[in-house]
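First comes the structure, then the notes that go with it.
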Amino acid sequence: MKRRAEEALARLASFPQLNPCPIVEVDLSGEVYYSNPAVERLLPDLTQLDILHPWLSDWESVTDTFMRNENEVIIRDVYVGDICYQQTLHYRLRTHRVRIYGVDITQRKQAESELERSAAELTRSNKDLEQFANVISHDLQVPLRAVVGYISLIESQLHEQLDEQTRQQFEAAIQASARMEQLITDLLALSLVGSQDKPFMDTSLEDVLERALQSIHAIVQDSGAKITSDILPTLRVDAGQLVQLFQNLLGNAMKFCDNPLPEIHISAHQQEDGWLFRVRDNGIGIDQQSRERIFQIFQRLHTRNEYLGSGIGLTICKKIVDRHGGNIWVESQPGEGSTFCFTIKQRRTFLPI
Amino acid sequence: MKVTVMRPVEILLVEDSPSDAELMLEALDALQVQQSLSIVVDGVFAMEFLRRQGAYANAPRPDLILLDLNLPRKDGREVLAEIKADCELQRIPVIVLTTSLAEKDIQQAYKLHTNCYIVKPMVFKDFLTVVESINYFWFNIAKLPTNFG
């Protein structure tokens, strides 16, 4: 009976002895009563002071805590030299001693701080980039405006004296500058998608579509497009960005169209984790190789003589959809129109109103 | 009764871009608007002009203010806020005339009680149309308060 008990005891004692993590038992004054072999192995030069050093500044508050509630467990990350230990402190009322279990979490700490550092770095460089784009866009626009302003002023003052060829040359210079202005404006819009994000709010996409249509009113009238839509839901989104998204997609649908009767339909389909929207047109369509390319910046499929544009619009769309946790892609056959599809991720969804 | 402005209309243009200021002058000339245009190049000068401070002690009280948004020293938004908070100046119609198409700027300008927001065209012909419309609406259609001090 006694031998059995001794065996059990020895077996239990082997647990801390063989535990690769340091375990120390101290009394409330800090005197060490027990330390397992891991302490010696990992911290051969460890003195009593070292063990308690991290706690010394508020050892009193530790003992206070245990006096108030002996079942309290205190967990803290402390550094012993360069090594970070997560120490768990248990108080044993019967012996008035504190057991300290240490786990080396130095690597985790390093990984964490590395992650924090690179996240901060990324945020900073993103901010820099947005600011850069912003400044460039503004600063490029000022001299360009002066050039266009003066050229067009001179042209209008000399108009009567100019021959047809010279008028056309003036017109070409103004057109080229106007294109450059468009390019800068779009670049500015792209840079703003990152830097002027608004919080997501419950937004009626019916209102969003109405606002988008309002702002492209002139283009809709010029093209004579017939735009129809399913009943759209209310979702948690950045309203301004969704207006921009619809504006760009509808604008493209009308722009890339040789059909005398442009027709565009917007449909909405509820899915498990959000909504799928499809903007279908009866325009020129897009061949298979180009379908990925169009979402990259400055990718244009057509010469400027065929269709105007900066090649930034769909990049903006992609950025907006990305921010809403969705995807954007296009389904199309050349000559049979295109359908631009995008998803918006939603935790909770509302029934259409 | 026919409303006639006997004196030339006083317009204050707050504009830091020399080319845009010149286009404005040329446009007013071309349209033969009977006006007297004063130009200041930043927001600080604008407020001094309106409050008749410093070099502007004898400045006329404008009938209309054309205000750019992005200005050195004091921003157009600040100028707008100060004008609309000043009981002497708040009656003067302010037209924001800017290159900015940003929804944020439009919203903010109207929140600060701008009387109108116009995006400055780049090409002179379009500029003419805008100036002509401003002149027609603000000095022929709209009735403005008269008893400026």
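Residue numbers (my numbering), protein chains in the order written: chain A, 954 to 1306; chain B, 22 to 170.
For each residue, glycine too, the CB sits at the ideal point set by N, CA and C.
For residue i, return the contacting residues in chain A, with the cut-off set at a CB-CB distance below 8 Å.
| i | result |
| --- | --- |
| Thr120 of chain B | Gln1094 and Arg1098 |
| Leu44 of chain B | Gly1102 and Leu1106 |
Give the straight-line distance between the Cα atoms of residue i and residue j, rounded to the nearest whole angstrom.
| i | j | result |
| --- | --- | --- |
| Phe1153 of chain A | Arg1189 of chain A | 5 Å |
| Ser57 of chain B | Asp107 of chain B | 24 Å |
| Ala1086 of chain A | Gln111 of chain B | 36 Å |
| Gln1194 of chain A | His1112 of chain A | 43 Å |
| Ile113 of chain B | Asp1081 of chain A | 40 Å |
| Arg1070 of chain A | Thr1018 of chain A | 35 Å |
| Trp1282 of chain A | Leu1097 of chain A | 35 Å |
| Ala80 of chain B | Lys105 of chain B | 19 Å |
| Tyr1103 of chain A | Pro93 of chain B | 23 Å |
| Val144 of chain B | Glu1067 of chain A | 52 Å |
| Ala1131 of chain A | Arg1231 of chain A | 32 Å |
| Gln1223 of chain A | Leu1158 of chain A | 13 Å |
| Phe1199 of chain A | Glu69 of chain B | 45 Å |
| Val26 of chain B | Asp41 of chain B | At Val26 of chain B the pLDDT is 48, less than 50, meaning the model places this residue with poor confidence and gives no usable figure here. |
| Asp1155 of chain A | His1277 of chain A | 13 Å |
| Gln1299 of chain A | Asp1226 of chain A | 6 Å |
| Ile1169 of chain A | Gly1204 of chain A | 7 Å |
| Gln970 of chain A | Asn989 of chain A | 5 Å |
| Phe66 of chain B | Asp37 of chain B | 11 Å |
| Leu962 of chain A | Asn972 of chain A | 16 Å |
| Val151 of chain B | Glu1074 of chain A | 46 Å |
| Leu1267 of chain A | Ala1206 of chain A | 12 Å |
| Arg1246 of chain A | Ala1142 of chain A | 20 Å |
| Tyr1032 of chain A | Arg1047 of chain A | 29 Å |
| Asp50 of chain B | Val62 of chain B | 20 Å |
| Asn1079 of chain A | Ala1099 of chain A | 31 Å |
| Glu1108 of chain A | Thr1119 of chain A | 9 Å |
Name the residue from the options whose alpha carbon lies nearest to the alpha carbon of residue i.
| i | options | result |
| --- | --- | --- |
| Ile32 of chain B | B:Ser38, B:Val54 and B:Asp41 | B:Val54 |
| Ile1273 of chain A | A:Glu1163, A:Asp1240 and A:Ser1144 | A:Ser1144 |
| Asn136 of chain B | B:Lys95, B:Ser154 and B:Trp159 | B:Trp159 |
| Glu978 of chain A | A:Phe1019, A:Tyr1038, A:Asn1022 and A:Val1051 | A:Val1051 |
| Asn1024 of chain A | A:Thr1041, A:Ala1171, A:Trp1012 and A:Tyr1032 | A:Thr1041 |
| Ile1219 of chain A | A:Ile1089, A:Thr1292, A:Thr1076 and A:Tyr1054 | A:Thr1292 |
| Ser967 of chain A | A:Ala991, A:Leu1203 and A:Gly983 | A:Ala991 |
| Gln129 of chain B | B:Gly97, B:Glu109, B:Leu34 and B:Pro166 | B:Gly97 |
| Asp1275 of chain A | A:Glu960, A:Gln1110, A:Asp1191 and A:Leu995 | A:Asp1191 |
Would you mind telling me which residues of chain B sit closer than 8 Å to residue i, beta carbon to beta carbon, in chain order?
| i | result |
| --- | --- |
| Thr900 of chain A | Because chain A here runs from 954 to 1306, residue 900 of chain A falls outside it and cannot be looked at. |
| Ile1127 of chain A | Val144 |
| Ala1131 of chain A | Met143 and Val144 |
Less than 7 Å separating the beta-carbons of residue i and residue j?
| i | j | result |
| --- | --- | --- |
| Asn1201 of chain A | Cys1270 of chain A | yes |
| Ile86 of chain B | Val115 of chain B | yes |
| Gln1286 of chain A | Gly1238 of chain A | yes |
| Lys95 of chain B | Leu118 of chain B | no |
| Ile1058 of chain A | Gln1039 of chain A | yes |
| Val30 of chain B | Gly64 of chain B | no |
| Leu1162 of chain A | Ala1221 of chain A | no |
| Pro975 of chain A | Gly1055 of chain A | yes |
| Thr1296 of chain A | Leu1229 of chain A | yes |
| Ala13 of chain B | Leu133 of chain B | No answer is possible for residue 13 of chain B: the residues shown for chain B start at 22 and end at 170. |
| Ser1090 of chain A | Leu1140 of chain A | yes |
| Glu153 of chain B | Leu52 of chain B | yes |
Strictly below 9 Å CB to CB, what residues from chain B border residue i?
| i | result |
| --- | --- |
| Glu1134 of chain A | Met143 |
| Gly1227 of chain A | Residues of chain B passing the Cβ test: none, with the nearest at roughly 25 Å. |
| Gly1193 of chain A | Glu124 and Lys125 |
Could you tell me which residues DSSP pairs with residue i in its beta bridges?
| i | result |
| --- | --- |
| Arg1050 of chain A | A:Asp980 and A:Arg1045 |
| Trp1228 of chain A | A:Gln1223 and A:Ile1297 |
| Thr1292 of chain A | A:Arg1233 and A:Glu1284 |
| Gln1040 of chain A | A:Arg1029 and A:Gly1055 |
| Cys137 of chain B | B:Ile116 |
| Arg1189 of chain A | A:Asp1155 |
| Ile1217 of chain A | A:Ile1180 and A:Asp1234 |
| Val1101 of chain A | Note: Val1101 of chain A sits in no beta bridge, so no partner. |
| Val35 of chain B | B:Val61 and B:Leu88 |
| Tyr77 of chain B | DSSP lists no partner for Tyr77 of chain B. |
| Tyr987 of chain A | A:Glu978 |
| Gln56 of chain B | B:Val30 |
Can you name the residues of chain B whose CB is closer than 7 Å to the CB of residue i?
| i | result |
| --- | --- |
| Ser1109 of chain A | Phe145 and Lys146 |
Would you mind telling me which residues of chain A sit closer than 7 Å to residue i, beta carbon to beta carbon, in chain order?
| i | result |
| --- | --- |
| Ser40 of chain B | Arg1098, Ala1099, Gly1102 and Tyr1103 |
Taking residue i as the query, report the chain A residues whose CB atoms sit under 9 Å from its CB, ordered along the chain.
| i | result |
| --- | --- |
| Glu47 of chain B | Leu1106, Ser1109 and Gln1110 |
Could one say the Cβ of residue i lies closer than 7 Å to chain E's Cβ atoms, at least one of them?
| i | result |
| --- | --- |
| Gly1204 of chain A | Within the model displayed, chain E is absent; protein chains A and B are what it includes. |
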